[in-house]
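>
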Amino acid sequence: MDSALTTVGLPVALGIIMFGLGLSLTVDDFRDVQRHPRAVVVALACQLLLLPALCFGLVLLLDLPPLLAVGMMLLAASPGGTSANLYSHLFRGDVALNVSLTALNSIVAIVTLPLITNLSIAYFGLSDSVDLQFRKVVEVFVVVLGPVVLGMLVRSRRQDFAARMDRPVRIASAVILFVLVMGVLIDQRDNALDYLAQVGLVATLFCIASLAVGFFVPRAVGVTDRKAIASSFEIGVHNATLAIYVAVEVLGSVEMSVPGAVYGLIMFVLAALWGLLLTRWILPSGTRVAAGPAETGSAGGTEPAPPRHRAN
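Numbering (the working numbering), first residue to last: 270 to 581.
Dropping the structure here:
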């Protein structure tokens, strides 16, 4: 896949998506982590511990070939995508928590992504053919986080411009991901049906499990419904573009990018269906989402549920 799509398209696509993330961030979003410690800690534990373990179990259970198995683990190690904020907005989640988690996850992933991926490479016996060096990952995240910082600077100086660009950038991100997914599948067209047959089930199960874990685990430990919804989409909607980029540009394996491409196709549909299920059946009439019980903070105080997020 040595073409303009990867040498130019992938970096530009990732840059646009991360610039869009920066437009939605402020410095205060990082400080918000201290205000909702329980929700943040539980969500990060799900993202960094439960999901990789769950994904590892699925790839072993369904006996994926080594390259596809490592591709799934790379996807599991990728942070949440910017689309998580949109789903949280649509289905009455705490969007501010989404933004804070996305920012924090993107930084933590600098360490956790190469760690999980390299452990997977070693386990599946691919150390002789692929190697995710930490230095390369740092270089990738410098390139990735550069547009985020730029977006934050633009927002701090031109809030009106950032607000106007929010929707167009989100739409562009979705279109870009779709184009990248199609590019991967076209490049692998000779084996595309086999890959879809091998990866489709595990990607679907992993997406459903990620969304469910992201909601029910925080809720089980007392996190309010709106924050649990935010956590669900943050954990279930991965940055598939980043996973594809690392697989193709850093590891040099288009086959390893197939799980990210397949996941990128199905997660939009499954996340929308999950949002409908949450708001119409699991949380009847949305009353609990609008005014959930107070959330007990880690210091022993209480955190009242914020008012329902209004769509523009």
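Quick reminder that beta carbons are idealized off the backbone N, C-alpha and C, glycines included.
Starting from the C-beta of residue 511, find all residues in its chain whose C-beta is less than 6 Å away, skip the five residues before and the five after it, and write them out in chain order.
As a position in the sequence shown, residue 511 is number 242, starting the count at 1. Counting only Cβ-Cβ distances below 6 Å, and skipping sequence neighbours, we find 347.
> Report the rounded CA-to-CA distance for residue 469 versus residue 399, giving the unit in angstroms.
Here residue 469 corresponds to residue number 200 of the sequence shown, with the count starting at 1. Here residue 399 corresponds to residue number 130 of the sequence shown, with the count starting at 1. Approximately 24 Å, taken between the alpha carbons.
> Spatial neighbours of residue 443 within its chain, please: CB distance less than 8 Å, with the 5 preceding and 5 following residues excluded, ordered by chain position.
Position 174 of the sequence shown, counting from 1, holds the residue named residue 443. Counting only Cβ-Cβ distances below 8 Å, and skipping sequence neighbours, we find 352 and 537.
> Within the stretch 307-366, note down every full alpha helix (DSSP H) run reaching 4 residues or more, in order along the chain.
Complete alpha helix (DSSP H) runs here, min 4: 320-330, 335-346 and 352-359.
> With distances taken between CB atoms, is the gap from residue 349 to residue 508 smaller than 8 Å?
Numbered from 1 along the sequence shown, position 80 holds the residue referred to as residue 349. Numbered from 1 along the sequence shown, position 239 holds the residue referred to as residue 508. Yes. Within cutoff.
> Using 10 angstroms around the beta-carbon of residue 431, count the other beta-carbons present and answer buried if the total reaches 16, otherwise exposed.
Within the sequence shown, the letter at position 162 stands for residue 431. By the 10 Å Cβ count, residue 431 comes out buried.
> Along the alpha helix (DSSP H) that carries residue 510, what are the first and last residues, could you check?
Translated into positions along the sequence shown, residue 510 becomes position 241. Looking at the DSSP string, the run of the alpha helix (DSSP H) that includes residue 510 is 509-514.
> Quick test of your reading: residue 583 and residue 338, contact by CB under 8 Å. State the CB separation rounded to the nearest angstrom.
Any property of residue 583 remains undetermined from this structure, which presents the chain solely from 270 to 581.
> Assuming residue 495 and residue 297 make a contact with CB atoms under 8 Å, what is their CB distance in whole Å?
Taking the sequence shown and counting its residues from 1, one reaches residue 495 at position 226. Taking the sequence shown and counting its residues from 1, one reaches residue 297 at position 28. With a Cβ gap of about 19 Å, residue 495 and residue 297 do not count as contacting.
> Can you name, in chain order, every residue of its own chain whose Cβ lies under 8 Å from the Cβ of residue 569, other than the five neighbours on each side?
Here residue 569 corresponds to residue number 300 of the sequence shown, with the count starting at 1. Because residue 569 carries a pLDDT of 37, less than 50, the predicted location of this residue cannot be relied on, and no value is offered for it.
> Are the stretch 400-410 and the stretch 418-425 touching by the rule of at least three beta carbon pairs closer than 8 Å?
As far as the Cβ criterion goes, the stretch 400-410 does not touch the stretch 418-425, which means the pair count is below three.
> Can you tell which of 281, 404 and 286 has its C-alpha closest to the C-alpha of residue 436?
In the sequence shown, the residue the question calls residue 436 occupies position 167. Minimum Cα distance to residue 436 is reached at 286.
> May I ask you to report which of helix, strand or coil DSSP gives residue 577?
Locating residue 577 in the sequence shown gives position 308, where the first residue counts as 1. Note on residue 577: pLDDT 42, under 50, position unreliable in the model; the coordinate value appears next. In this structure, residue 577 counts as coil in the three-state DSSP scheme.
> Could you tell me the distance, in whole angstroms, from the CA atom of residue 441 to the CA atom of residue 534?
Residue mapping note: residue 441 aligns to position 172 of the sequence shown, counting from 1. Residue mapping note: residue 534 aligns to position 265 of the sequence shown, counting from 1. The straight-line gap from Cα to Cα measures roughly 15 Å.
> Do residue 328 and residue 486 have their C-beta atoms within less than 8 Å of each other?
On the sequence shown, residue 328 is found 59 positions in, with the first residue counted as 1. On the sequence shown, residue 486 is found 217 positions in, with the first residue counted as 1. Contact flag unset, no.
> Under three-state DSSP, which class holds residue 460?
Within the sequence shown, residue 460 is the residue found at index 191, counting from 1. Of the three classes helix, strand and coil, the one that applies to residue 460 here is coil, per DSSP.
> Check this for me: beta carbons of residue 343 and residue 525, under 8 Å apart or not?
If you number the sequence shown from 1, residue 343 lands on position 74. If you number the sequence shown from 1, residue 525 lands on position 256. Yes, they are a contact pair.
> Check residue 395 in the structure and name its three-state DSSP category.
In the sequence shown, residue 395 corresponds to position 126, counting from 1. Residue state, collapsed to three classes: coil.
> Classify residue 284 as helix, strand or coil using the three-state DSSP reduction.
Numbered from its first residue, the sequence shown carries residue 284 at position 15. Helix at residue 284.
> Would you call the CB atoms of residue 438 and residue 326 closer than 8 Å?
Numbered from 1 along the sequence shown, position 169 holds the residue referred to as residue 438. Numbered from 1 along the sequence shown, position 57 holds the residue referred to as residue 326. Not a contact, by the Cβ cut-off of 8 Å.
> Pairs of beta-carbons, one from the stretch 459-468 and one from the stretch 306-325, closer than 8 Å: are there three or more?
Too few Cβ pairs lie closer than 8 Å, so no.
> So the alpha helix (DSSP H) residue 543 belongs to, where does it begin and stop?
Residue numbering aside, residue 543 sits at position 274 when the sequence shown is read from its first letter. Run containing residue 543: 523-546, per the alpha helix (DSSP H) assignment.
> Going along the chain, which residues of its own chain have a beta-carbon closer than 6 Å to the beta-carbon of residue 383, five neighbours each way excluded?
In the sequence shown, the residue the question calls residue 383 occupies position 114. Only 401, 403 and 406 meet the Cβ criterion.
> What three-state label does DSSP hand residue 419 in the structure shown?
In the sequence shown, the residue the question calls residue 419 occupies position 150. Of the three classes helix, strand and coil, the one that applies to residue 419 here is helix, per DSSP.
> Exposed or buried, residue 489, counting other C-beta atoms within 10 Å across all chains shown (16 or more means buried)?
One-based indexing of the sequence shown puts residue 489 at position 220. Exposed, since its Cβ has fewer than 16 Cβ neighbours within 10 Å.
> In the DSSP assignment, find the alpha helix (DSSP H) that holds residue 494 and state where it starts and stops.
Residue 494 sits at position 225 when you count from the first residue of the sequence shown. Unbroken alpha helix (DSSP H) run through residue 494: 494-505.
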